[in-house]
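One point on numbering: in full-length UniProt numbering, the residue at position 102 of the sequence shown is 102, and numbering is uninterrupted. A quick write-up on the structure given underneath.
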Amino acid sequence: MSRAVPQREYHIVVLGSGGVGKSCLTAQFVQGVWIERYDPTIEDSYRKQIDVDGRQVILEILDTAGTEQFTAMRELYMKSGQGFLLVFSITSSSSLKELSELREQLVNLKDDPNVPIVLVGNKSDLEEDRAVSRAQAFAVSSGWGNVPYYETSARRRQNVTEVFVDVCRQIIHRDLQRGRSGGGGGEDRRRRREDEGDGDRRRRSRRRHNRCVIL
Numbered sequence: 001m002s003r004a005v006p007q008r009e010y011h012i013v014v015l016g017s018g019g020v021g022k023s024c025l026t027a028q029f030v031q032g033v034w035i036e037r038y039d040p041t042i043e044d045s046y047r048k049q050i051d052v053d054g055r056q057v058i059l060e061i062l063d064t065a066g067t068e069q070f071t072a073m074r075e076l077y078m079k080s081g082q083g084f085l086l087v088f089s090i091t092s093s094s095s096l097k098e099l100s101e102l103r104e105q106l107v108n109l110k111d112d113p114n115v116p117i118v119l120v121g122n123k124s125d126l127e128e129d130r131a132v133s134r135a136q137a138f139a140v141s142s143g144w145g146n147v148p149y150y151e152t153s154a155r156r157r158q159n160v161t162e163v164f165v166d167v168c169r170q171i172i173h174r175d176l177q178r179g180r181s182g183g184g185g186g187e188d189r190r191r192r193r194e195d196e197g198d199g200d201r202r203r204r205s206r207r208r209h210n211r212c213v214i215l
């Protein structure tokens with residue numbers, strides 16, 4: 001009788017300016033729904049099981065506030081994430097420019113120039129309002145070490161699943177490489193210590209307060 005292979009969980013963080021469609025993109029991927037009305041997000045978390053190259057994995061997805069809002073929380077998002085969707089709107093050149101600072105902060109915080117990232121140009125259905133050419137976006141992805149670039153439409157569900165699968169695939173590939181090289185390095189050890197400590201704190205908190213806080 002074969003034993004079931006335990007599912008891996010990966011933490012994905014969706015970052016970008018307010019109004020670029022992060023929540024729409026995430027809701028379309030997780031729930032298959034289109035959010036028509038813009039409602040600024042503070043923080044929403046989702047959980048979804050998907051198949052990536054034959055592996056069943058669970059994604060913990062954090063949909064964050066715009067980069068200009070709640071900046072004090074941004075470092076916490078970056079520390080907790082394993083893979084990142086950096087989202088801009090093809091109708092706003094400023095939303096792409098803001099991502100460069102965000103990516104630099106992310107790389108410095110992780111002390112790793114090869115953090116799993118996908119650059120996402122959302123609102124591709126608004127081609128008549130395009131302010132960022134594909135060439136401009138590809139130039140940015142090239143400057144970031146040839147990170148994958150996708151143009152998405154949350155409204156039409158174009159390339160929505162693909163961006164989440166791509167960033168998850170990058171994390172899996174990194175895990176496999178670290179496994180072959182003998183154990184994963186300081187970042188993984190630090191993450192395990194933090195996760196274990198967080199788990200102990202959450203268990204103590206539940207005993208004291210009889211409640212569960214989902215981060």
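Backbone N, C-alpha and C define an ideal beta-carbon position, used for all residues, glycine too. Computed from a predicted model, the values in this text were never measured in an experiment.
Worksheet item: Residues in its own chain within less than 7 Å of glutamate 162 by CB, not counting five upstream and five downstream?
Response: To locate residue 162, count along the sequence shown from 1; it is residue 162. Excluding positions up to five away in sequence, the list reads Tyr150.
Practice prompt. Quick one: measure Cβ to Cβ for proline 100 and alanine 131, integer angstroms, because I've assumed they're closer than 8 Å.
Written response: One-based indexing of the sequence shown puts residue 100 at position 100. One-based indexing of the sequence shown puts residue 131 at position 131. Checking the sequence, you will find serine at residue 100 rather than proline. Not really, about 16 Å apart at Cβ, beyond 8 Å.
Worksheet item: Between His173, Phe88, Thr152 and Leu109, which lies nearest to valine 140 when the distance is taken from Cα to Cα?
Response: Locating residue 140 in the sequence shown gives position 140, where the first residue counts as 1. Checking every option, the nearest Cα to that of valine 140 belongs to Phe88.
Worksheet item: In terms of residue numbering, what span does the alpha helix (DSSP H) encompassing isoleucine 172 cover?
Response: By 1-based counting over the sequence shown, the position of residue 172 is 172. From DSSP, the alpha helix (DSSP H) with isoleucine 172 extends over 160 to 180.
Discussion item. Rounding to the nearest angstrom, what Cα-Cα distance links arginine 155 and glutamate 75 in this structure?
Written reply: Here residue 155 is taken as the residue at index 155 of the sequence shown, counted from 1. Here residue 75 is taken as the residue at index 75 of the sequence shown, counted from 1. Taking the straight line joining both Cα atoms gives about 30 Å.
Worksheet item: Excluding five sequence neighbours on each side, which residues of the same chain lie with their C-beta closer than 8 Å to the C-beta of proline 116?
Response: For the purposes of this step, residue 116 is identified with residue 116 of the sequence shown, where counting begins at 1. Contacts found: Gln82, Gly83, Phe84, Val167, Gln170, Ile171 and Arg174.
Discussion item. Please classify leucine 176 as buried or exposed, where buried requires at least 16 neighbouring CB atoms within 10 angstroms.
Written reply: As a position in the sequence shown, residue 176 is number 176, starting the count at 1. Exposed, by the Cβ-count rule.
Fill in: Cβ contact check for the stretch 102 to 122 and the stretch 48 to 58: 3 or more pairs under 8 Å
no
Worksheet item: Which residues does DSSP pair with valine 57 in a beta bridge?
Response: The residue labelled residue 57 in the question sits at position 57 within the sequence shown. Its beta-bridge partners are Arg8 and Ile50.
Worksheet entry | C-alpha gap between serine 80 and serine 142, whole angstroms | Numbered from 1 along the sequence shown, position 80 holds the residue referred to as residue 80. Numbered from 1 along the sequence shown, position 142 holds the residue referred to as residue 142. In a straight line, the C-alpha of serine 80 is about 26 Å away from that of serine 142.
Worksheet item: From leucine 59 to threonine 152, what distance separates their C-alpha atoms?
Response: Translated into positions along the sequence shown, residue 59 becomes position 59. Translated into positions along the sequence shown, residue 152 becomes position 152. So the two alpha carbons sit approximately 19 Å from each other.
Discussion item. Alanine 27 and valine 20 - do their beta-carbons sit closer together than 8 Å?
Written reply: Position 20 of the sequence shown, counted from the first residue, corresponds to residue 20. Position 27 of the sequence shown, counted from the first residue, corresponds to residue 27. No, Cβ-Cβ distance for valine 20 and alanine 27 is not below 8 Å.
Worksheet item: Which residue comes first and which comes last in the beta strand (DSSP E) that contains serine 89?
Response: Locating residue 89 in the sequence shown gives position 89, counting from the first residue. Segment 83 to 89, the beta strand (DSSP E) holding serine 89.
Worksheet entry | Contact under 8 Å by Cβ, lysine 22 with aspartate 63 | Position 22 of the sequence shown holds residue 22. Position 63 of the sequence shown holds residue 63. In this structure, aspartate 63 lies closer than 8 Å to lysine 22 by Cβ.
Discussion item. My output table needs one value for glycine 186: the three-state DSSP class, helix, strand or coil.
Written reply: Locating residue 186 in the sequence shown gives position 186, counting from the first residue. Its pLDDT being 46, under 50, glycine 186 is placed unreliably by the model, and the measurement read from it follows with that caveat. Looking at glycine 186 - three-state DSSP - the assignment turns out to be helix.
Item to complete: Kindly indicate which residue of Ile90, Asp125 and Leu102 has the alpha-carbon position closest to the one of methionine 73.
Response: Position 73 of the sequence shown, counting from 1, holds the residue named residue 73. Methionine 73 has its Cα closest to that of Leu102, out of Ile90, Asp125 and Leu102.
Worksheet item: For the candidate residues Arg157, Tyr10 and Gln136, whose alpha-carbon lies nearest to that of glycine 61?
Response: For this step, residue 61 is matched to residue 61 along the sequence shown. Checking the sequence, you will find isoleucine at residue 61 rather than glycine. Nearest of Arg157, Tyr10 and Gln136 to isoleucine 61, Cα basis: Tyr10.
Item to complete: Would you kindly check if the distance between the Cβ of valine 160 and the Cβ of leucine 25 is under 8 Å?
Response: Here residue 25 corresponds to residue number 25 of the sequence shown, with the count starting at 1. Here residue 160 corresponds to residue number 160 of the sequence shown, with the count starting at 1. Yes, Cβ-Cβ distance for leucine 25 and valine 160 is below 8 Å.
Worksheet item: By the 10 Å Cβ neighbour count, where 16 or more other Cβ atoms means buried, how is serine 133 classified, buried or exposed?
Response: Your numbering for residue 133 matches position 133 in the sequence shown. By the 10 Å Cβ count, serine 133 comes out exposed.
Worksheet item: Do tyrosine 77 and valine 30 come within 8 Å of each other at the CB atom, strictly closer than that value?
Response: One-based indexing of the sequence shown puts residue 30 at position 30. One-based indexing of the sequence shown puts residue 77 at position 77. The answer is no: Cβ separation not under 8 Å.
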